[in-house]
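Here the sequence shown stands for residues 105 to 434, where the numbers follow my numbering. All residues carry an ideal CB built from backbone N, CA and C; glycine is no exception. What you are looking at is a predicted structure, and each value in this text was computed from that prediction instead of being measured.
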Amino acid sequence: MAAQFMVTHNLDALLERFRRYAEVHGPVRGDDGVVRFSALIPGILPDLSAVRTLLPPKKYLLHPQETILSYTEKDGYQAPEEDVRPLILFGLHPCDLAGINYLDQIFMGDDPDPLYAARRSAQTLIGISCIPDEFCSCHLAISPLKPLSDLFFHHVEGGFAVASSTPRGEELLESAKDILEELNVIIPEDARRFFGQTASMRVRPELDVALPEWQELADRCLGCGACSLCCPTCYCFDVLEFSGLDGCSAERVRRWDNCLFKSHAQVAGGMSFRKDRAERFRYRYRHKYCGFGPLQGIPSCVGCGRCRVVCPAGLDLRPLAMRLEGACRE
Ligand code: SF4
Ligand code: SF4
């Protein structure tokens with residue numbers, strides 16, 4: 105794969121060019137030491153050494169809480185009209201890009217979610233290569249999801265090899281051609297290893313039903329939901345309706361929900377599809393490693409490692425996944 109070369113100290117100038125097109129966001133380390141995706145305003149450079157942000161970029165596509173329908177006596181039912189502005193997301197690791205690919209398949213399928221689709225089409229994705237740490241599992245990944253990006257930066261000696269893969273990425277490169285060098289750098293093989301993983305699981309649901317490990321894991325799990333909150337492919341939401349105090353208006357709100365919460369599978373009449381924690385734990389595992397619904401057979405774990413970093417009980421599903429992967433694979 106041929107690419108252009110940019111020396112590291114030109115990063116600030118490059119971001120300045122990108123800001124002419126759109127607001128640019130990337131990983132920024134706060135005073136508390138936590139790395140979050142936030143605005144790369146002039147003078148703020150992304151922390152490109154960070155292995156992961158606290159929350160994945162899904163927060164730009166699915167807001168933690170948002171109104172999806174409102175009602176007033178005068179106007180009747182109204183869908184929200186959001187002022188969606190162009191946004192460039194810079195410094196996305198391949199796992200997060202693959203996570204966006206997964207969310208696209210959920211929210212941009214036959215019946216696209218209008219809020220998601222509007223935000224997604226206004227976004228330009230710029231990826232960057234990274235080196236996995238002990239929490240990552242991208243290098244062992246079983247996901248067939250390709251990381252989607254408009255532009256991709258590969259770390260190479262002294263700077264970055266930059267390659268575009270869409271007309272939008274090409275346009276951004278063109279805007280910065282005076283700070284790029286036409287060196288036709290060859291991207292090293294190991295820097296490309298995250299692209300185009302092809303292995304996929306064959307799901308055989310009967311294999312994991314009676315494992316004693318579910319109860320052992322559930323006994324240690326606190327049910328806090330942090331693992332799901334920080335996961336780039338967890339998208340469960342709840343829909344709530346609130347009436348206004350004036351008695352003639354109302355709002356329908358969508359907000360992030362969590363399959364580890366007891367309330368998640370509760371339905372009218374106090375019934376629950378997954379009453380105990382072991383069942384909820386297994387449900388999450390099945391979604392992450394075997395896929396379900398229209399994406400059955402496509403694991404949604406992209407190996408970012410966030411769930412392992414944040415879990416206060418130190419739980420790690422990888423050993424169990426590997427054991428079952430052998431059993432699931434044909
Ligand atoms: S399950 Fe864990 S490692 Fe896999 S994508 Fe979600 S947060 Fe990342
Ligand atoms: S982060 Fe750990 S303790 Fe909290 S719900 Fe997830 S597995 Fe359980």
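Annotation for Y387: the continuous alpha helix (DSSP H) segment containing it runs R381 to Y393. L158 has its Cβ no nearer than 7 Å to any heavy atom of ligand 2. With distances taken between CA atoms, F239 lies nearest to G407 out of L424, P423, A425 and G407. For the options D151, D200 and Q182, the alpha carbon positioned closest to that of C334 is the one of D200. In this structure, the straight-line span from the alpha carbon of S332 to that of W360 is close to 10 Å.
In this model, R422 and D342 are separated by some 28 Å (Cα to Cα). For H258, the closest C-alpha among the options R189, G348, G213 and L152 is that of L152. Going down the chain, each residue whose beta-carbon is closer than 7 Å to a heavy atom of ligand 2 shows up: C325, L326, G327, C328, G329, A330, C331, S332, L364, C411, V414, C415, P416, A417 and L419.
Annotation: the continuous beta strand (DSSP E) that includes A143 extends over V139 to A143. Look at H368 here: in three-state DSSP terms it is helix. With a cutoff of 7 Å, G147 does not count as near ligand 1, since its C-beta is closer than that to no heavy atom of the ligand. The residue from H113, K281 and Q227 with its alpha-carbon nearest to that of I204 is Q227.
No heavy atom of ligand 1 is found nearer than 7 Å to the CB of C340.
For T337, the distance from the CB to the nearest heavy atom of ligand 1 is below 7 Å. Going by beta carbons, T171 and V357 fall inside the 8 Å limit.
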